[in-house]
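From first to last, the protein sequence lines are chains S and X.
Taken in order, the first sequence gives residues 244 to 360; the numbers are from this note's numbering.
Taken in order, the second sequence gives residues 27 to 140; the numbers are from this note's numbering.
What follows is one structure encoded as structure tokens, with my remarks underneath.
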Amino acid sequence: DSGVTQTPKHLITATGQRVTLRCSPRSGDLSVYWYQQSLDQGLQFLIQYYNGEERAKGNILERFSAQQFPDLHSELNLSSLELGDSALYFCASSVGVGRVGFQETQYFGPGTRLLVL
Amino acid sequence: AQSVAQPEDQVNVAEGNPLTVKCTYSVSGNPYLFWYVQYPNRGLQFLLKYITGDNLVKGSYGFEAEFNKSQTSFHLKKPSALVSDSALYFCAVRGLNAGNMLTFGGGTRLMVKP
């Protein structure tokens, strides 16, 4: 158990809908990362938050957004869902950011499996 | 841009034999390299990382990895494979100039047969 929790574990929804994925980082971790794992794209970095502020963006669609709250949990919002958004969404956390952050290990949650029908 | 290549989609090895899962990388500056393992219906578990220092890194569950700067490789190894090692293995790199994001390889499925 990495200490990172994600809810829900599974999500089934229809095209055009909006869903929210939730992540709680390990105790003491200030950085939260979101990744998407799909069969065709592999594991891709979406976005990073550090202590409530967005720090880095990857291949995140405009239909997707995220935020990190004062209690450090994070939510990934996916809207106008398409069939191709079906994937496993992982949250990871690490202690910090910056020069020290490069050396840090990111610990991953169990993921949320999203199925868009 | 940084990238990782795992040239083998699948590696088959008999239990008790040594195993190697290959990884090569491309990054600007010094690389920070990681190996993760994913079991079915589970998240990614951290195995080991190379930051600096000794080129041979020891990690969890008896795994180790060898960093080779001239060949830009970071191969994962284990002297004696177990059936329970069967899983999906991911190599990842984080470059100094790319923020804290990890760039993952496509993954290698390790199958250890009794």
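Virtual Cβ for every residue (Gly too), placed ideally from N, Cα, C.
Cβ of residue i within 7 Å of any chain X Cβ
i	result
residue 352 of chain S	yes
residue 246 of chain S	no
residue 348 of chain S	yes
residue 289 of chain S	no
Straight-line gap, residue i to residue j (C-alpha atoms, nearest Å)
i	j	result
residue 114 of chain X	residue 67 of chain X	11 Å
residue 71 of chain X	residue 257 of chain S	31 Å
residue 317 of chain S	residue 273 of chain S	11 Å
residue 225 of chain S	residue 268 of chain S	The requested residue 225 of chain S does not occur in the structure, where chain S is confined to residues 244 to 360.
residue 264 of chain S	residue 309 of chain S	9 Å
residue 332 of chain S	residue 293 of chain S	19 Å
residue 117 of chain X	residue 133 of chain X	7 Å
residue 248 of chain S	residue 37 of chain X	31 Å
7 Å Cβ cutoff, residue i in contact with chain S
i	result
residue 72 of chain X	yes
Proximal residues of chain X, C-beta to C-beta of residue i below 9 Å
i	result
residue 333 of chain S	69, 70
Chain S contact residues for residue i, given Cβ-Cβ distances below 9 Å
i	result
residue 132 of chain X	285, 286
residue 89 of chain X	Within 9 Å Cβ-Cβ: nothing; residue 89 of chain X doesn't reach chain S, min ~15 Å.
residue 100 of chain X	Going along chain S, no residue has its Cβ under 9 Å from residue 100 of chain X, so there is no contact; the nearest lies around 15 Å.
Closer than 7 Å at the beta carbon, the chain X residues around residue i
i	result
residue 274 of chain S	126
Contacts of residue i in chain B (Cβ-Cβ under 7 Å)
i	result
residue 75 of chain X	Checking the listed chains, one finds no chain B in this structure; the protein chains it contains are S and X.
Residue i: contacting residues in chain S (beta-carbon distance under 8 Å)
i	result
residue 93 of chain X	Result: empty, since nearest Cβ-Cβ is about 14 Å, beyond 8 Å.
Three-pair Cβ contact test at 8 Å for the stretch 38–54 of chain X versus the stretch 278–291 of chain S: no
Decide if the stretch 283–301 of chain S is in contact with the stretch 127–137 of chain X; the criterion is three or more beta carbon pairs, one per stretch, under 8 Å apart. yes
Could you tell me whether the stretch 77–84 of chain X touches the stretch 326–336 of chain S, using the rule of 3 or more Cβ pairs below 8 Å? no
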